[in-house]
Amino acid sequence: MEDINIVIGGAAGEGVQTVGAVLAETLLSQGYAVFAWQEFESRIRGGQNSYSLRIGESVRNAPLMQADILLALNDGAAEKYHDRLKEGGVLIGPSDKMDPAILIPFADLAKERLESGLYANTIALGAIIGTLDIPLETLFRVLLPRFEKKGEKVVSKNRDAAEIGFRMAEEKCRDKCPWRLPEREERYHLIDGHEAAALGAVYAGCRFMAGYPMSPATNLLTFLAKENERFGVFVEQAEDEIAAVNMAIGASFAGVRAMTASSGGGFALMVEAISLAGMIETPLVIVLAQRPGPATGLPTRTAQGDLLFAIHSGHGEFPKAVLAPADPKDAFHQMVLAFNLADQYQIPVIVLTDQFLADSAFSIADFEVNGSAPEYHLADPDSIQEYRRFRITDSGVSPRLYPGQSRHLVGADSDEHDEFGHITEDLEGIAPEMNQKRLRKVHGLQKEIPPPKEYRLKSARTVFVAWGSSRDAVLESMDLLKHDGFDVGLIHFSGVWPLPEYAFPEGKDYVSVEGNATGQLARLLENEYGIRIDRHIPRTDGLPFTADYIRSRFHE
Amino acid sequence: MSDTKAFNNQVGIQWCPGCPNFGILQAVKKALAELGKEPHEVCLVSGIGQAAKLPHYLNCNFFNGLHGRALPAAVGIHCANPTLTTLVTTGEGDCYGEGGNHFIHTIMRNPDITVMVHNNEFYALTKGQASPTTLPGEKRALQQKGVEKAQMNMPALAVANGCTFVARGFAGELDHLTDLIVRAVNHTGFSHLEVIQPCITWSKRPVSWYRERIYELDEDYDSGDRDAALKMLLEETEKKPIGVLYQTQPRKTMGARFRQTITDRPLPELKPIGAETIQSALNDYRPD
């Protein structure tokens, strides 16, 4: 079967997300892989938002713009998203204004037959299920438990509402709807990037998170706050991002694995403290969830515009690591790696996500905890006679204890300091030695950064370079390009700083594919590896890469 | 009572010779000994400034962080390990100026920590510019024609925003200050102790001028009367009362719910959530 793309459009507050989420879960229990992607405006009510569901027999976690089925919850949504409907696609809409193939006046029907407009969305859900020829029972199993707390009457009305939509679609679908989705054996995980990242943090042993709400980073905080009793992470909403990051550093100094998260503007406020973490060699994990800038930018949209900012964040020179997961499973394991590296090298580690990764739900065939595990690197106080927190060592890593752990005293100073952490101005002795000690850590650190992944390099003349969450769209574009007669490969980076040792194959044309205007990865690779990137395929409109987008830019 | 000498260390002190900060340092040591603390049970936290150097001169754990950010760091340390005695020692430029927002929010958050604010009424380490507490009209390094802003009244702000312990001491009254530190640390919740600290380098006035304008609160002063405390602080003239300005019943402290419902153990001592629990959480994302 070819993948089916369903777009649900509606105003903010109208239930687009809920309808989308229930539909996604229903498809999942029918045995299909689903990729759910949302785009929305920065407002709580009104506007027009969309939730796109890509349905397939195998996993393809990349968005499609063209819709086979467009469900418009209102006329405005039908108008806004009509262009995305494929030829032969089916519009399900509430009035005859846009001449829908399937006209179902959701709200009027709900009021007439169920005495409340509240059931409009369930009618719409029933209609989609009917269009896809999925048994109503599958929908009921997912939908009805959500209403159990509200009582028998609400459950039964929802059942009736779904049935009304289902029957109407079934009737109007004759000759128009070619889709059939019989039940399959497969069962995929469906999870978004930040849920997976939060679970990775918990698995890594994180017990403290402070943050200040900012899209698209907020859902990390929300997740850990909601799951407080289950995972026991101390969550604090700070007065600003400066407080958040300093709280996390304080907690980490006191011995607990701690993190914070923000988007570009809030991250900018944290930058001084990143330098502090570098100076006092205190582990720190920061999730930087990117959205388009500069300044407030497009708050609810996606971008890959902060790569060089993250790598260069912080005044002075000190080692840090920057990771950029490609999907939720990668995000889970990279969070564990982030905490391990932060602990082992006593450095700040930045995990770069973005609105697309944070808010999209990806299907994953096999999501196992195995593959990474928390590793702890605290020193043993009993093995130490005279404790020097910043002892000069060959590796640059000093024995880390935390205050109160033993009778050994632990100090930290943002000034240049001696081995005990006390202020120094010894310009010929300990001050430069301490700086070199910290910088030495990068040699060990570099070996721990995951190398880039290579795809179809051998036969390719042209090779894409990409990083982070665009991976699957780029891979899909390579299929399309192959169909067009072009053999294209991919080198994908999910560890972006320090860059690992890597030899780029010679004799290839390199094209960077990045969600920014200036080819930030390309510039980084040119600087660090001395290669030449011949072309850029940028995207800066706040939308994620799609295979079609990359393909058409490639041919320009 | 532990040994005051246990808190001595050999770090060379960078304050001007004769600085009243030496008196404050001695009071902190005496108070910690009086509280029966051992060096490893204490964590001193500061930002940047002359006062913020104090943690270096005591034998104990210390965190000398960024300018203005002592309180959030202290909050993080306290959340991670509430069994440590967390004491912030910092100046008014650091705490009321650069870090003013954190001060207000830390009052509301009410962690069980103490902040000592050395108030010398200007910036000393950067050579004499006005601070939030400089008297209006006073000429300072950057305010050549005199300070135009109003003077900040943090003790009044602290009382108004629900701080349950607000006190003021004088750097030259060692025993009185020691007692205030002991009471501040013993008070459950966020304790605000402002210390009048004359600067002998950048001030135009002699130490005696500061001494003359302080007075100890009467024994019949009712520190539990919020309205009276506010009235006194708002109507304050050049005469500055020292002592416990306001103290009331402790209210719920930061993290109380977490420690009641999740765990009351220091966070670093907790075992990580195991692989099985995480795998089962991941499996919740897959239908049966």
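Residue numbers (our numbering), protein chains in the order written: chain A, 1 to 556; chain B, 1001 to 1288. C-beta atoms are modelled at their ideal positions from N, C-alpha and C, and glycine is treated no differently. Treat the numbers as computed from the prediction; the structure is a model and nothing was measured.
Query, Result
"State the Cα-Cα distance for the pair A1080 (chain B) and F1103 (chain B), rounded to the nearest angstrom.", "20 Å"
"Using the Cβ count rule (16 or more neighbours within 10 Å means buried), how would you classify R389 (chain A)?", "buried"
"Would you say R207 (chain A) faces chain B, with C-beta separation under 8 Å as the test?", "yes"
"Would the beta-carbon of H194 (chain A) fall within 8 Å of that of F147 (chain A)?", "no"
"8 Å is my cut-off, CB to CB: does V1117 (chain B) come that close to chain A?", "no"
"Which class does L1066 (chain B) belong to by DSSP, given the choice of helix, strand or coil?", "coil"
"At a Cβ threshold of 8 Å, is V1011 (chain B) touching chain A?", "yes"
"Taking the straight line between their C-alpha atoms, what separation do you get for G13 (chain A) and G47 (chain A)?", "9 Å"
"From the DSSP output, which residues share a beta bridge with F362 (chain A)?", "A:I191"
"Does the beta-carbon distance from Y1215 (chain B) to V1166 (chain B) come in below 8 Å?", "no"
"If you check the beta carbons only, do H422 (chain A) and G411 (chain A) fall under 8 Å apart?", "yes"
"Restricting to Cα atoms, I'd like to know which of A:K97, A:T393, A:Y81, A:T540 is closest to A67 (chain A).", "A:Y81"
"Output the distance between the C-alpha atoms of Q38 (chain A) and V442 (chain A), rounded to the nearest integer angstrom.", "39 Å"
"Round the Cβ separation of R291 (chain A) and Q355 (chain A) to the nearest angstrom and send it over; I've been treating them as touching at under 8 Å.", "5 Å"
"Please list, in chain order, the chain B residues whose beta carbon lies closer than 9 Å to that of S372 (chain A).", "The contacting residues do not exist; S372 (chain A) stays about 10 Å from chain B at best."
"Flag N1008 (chain B) as yes if its beta-carbon sits less than 8 Å from any beta-carbon of chain A, otherwise no.", "no"
"Is E1269 (chain B) helix, strand or coil when you go by DSSP?", "helix"
"Please list the partners that E526 (chain A) has in chain B, where partner means a Cβ-to-Cβ separation under 7 Å.", "Residues of chain B passing the Cβ test: none, with the nearest at roughly 35 Å."
"Distance, Cα to Cα, A161 (chain A) vs A77 (chain A)?", "22 Å"
"Go through its chain and collect everything with a Cβ distance to G1128 (chain B)'s Cβ below 7 Å, but skip five positions before and after it.", "F1122, R1140, A1141, W1202"
"Could you compute how far the alpha carbon of P328 (chain A) sits from the alpha carbon of D192 (chain A)?", "6 Å"
"Would you say I190 (chain A) reaches chain B, if we count a Cβ-Cβ gap shorter than 8 Å as a contact?", "Sequence inspection shows Leu at residue 190 (chain A); the Ile mentioned does not correspond to that position. It does: the Cβ of L190 (chain A) has a partner Cβ on chain B nearer than 8 Å."
"Which two residues bound the contiguous alpha helix (DSSP H) that contains S262 (chain A)?", "From DSSP, S262 (chain A) is part of no alpha helix (DSSP H) but of the beta strand (DSSP E) over 257 to 262."
"Which residue's Cα is closest to the Cα of K1252 (chain B): B:D1225, B:I1273, B:G1243, B:T1164?", "B:T1164"
"In terms of alpha-carbon separation, which member of A:L341, A:L307, A:E163 lies closest to L524 (chain A)?", "A:L307"
"Can you tell me whether S398 (chain A) is buried or exposed? The criterion is at least 16 other CB atoms within 10 Å of its CB, across all chains shown.", "buried"
"In terms of alpha-carbon separation, which member of A:W467, A:E57, A:P145 lies closest to Y188 (chain A)?", "A:E57"
"Using the Cα positions of A589 (chain A) and V336 (chain A), report the straight-line distance between them to the nearest angstrom.", "Given a span of 1 to 556 for chain A in the structure shown, any question on residue 589 (chain A) remains unanswerable."
"In the structure shown, what three-state DSSP assignment does Y623 (chain A) receive?", "Since the displayed chain A opens at 1 and closes at 556, residue 623 (chain A) lies outside it and no answer follows."
"So, do the stretch 488 to 499 of chain A and the stretch 59 to 75 of chain A have three or more beta carbon pairs nearer to each other than 8 Å?", "no"
"Listed in chain order, which residues of the stretch 1225 to 1251 of chain B have Cβ atoms closer than 9 Å to some Cβ of chain A?", "none"
"May I ask you to list the residues that DSSP assigns as paired with T1089 (chain B)?", "B:M1116"
"Consult DSSP for Y402 (chain A) and reduce its assignment to one of helix, strand or coil.", "coil"
"Buried or exposed, going by whether 16 or more other CB atoms sit within 10 Å of the CB of I274 (chain A)?", "buried"
"Can the beta-carbon of M209 (chain A) be found closer than 8 Å to that of L221 (chain A)?", "yes"
"Can you check whether the C-beta of R1069 (chain B) is within less than 8 Å of a C-beta belonging to chain A?", "yes"
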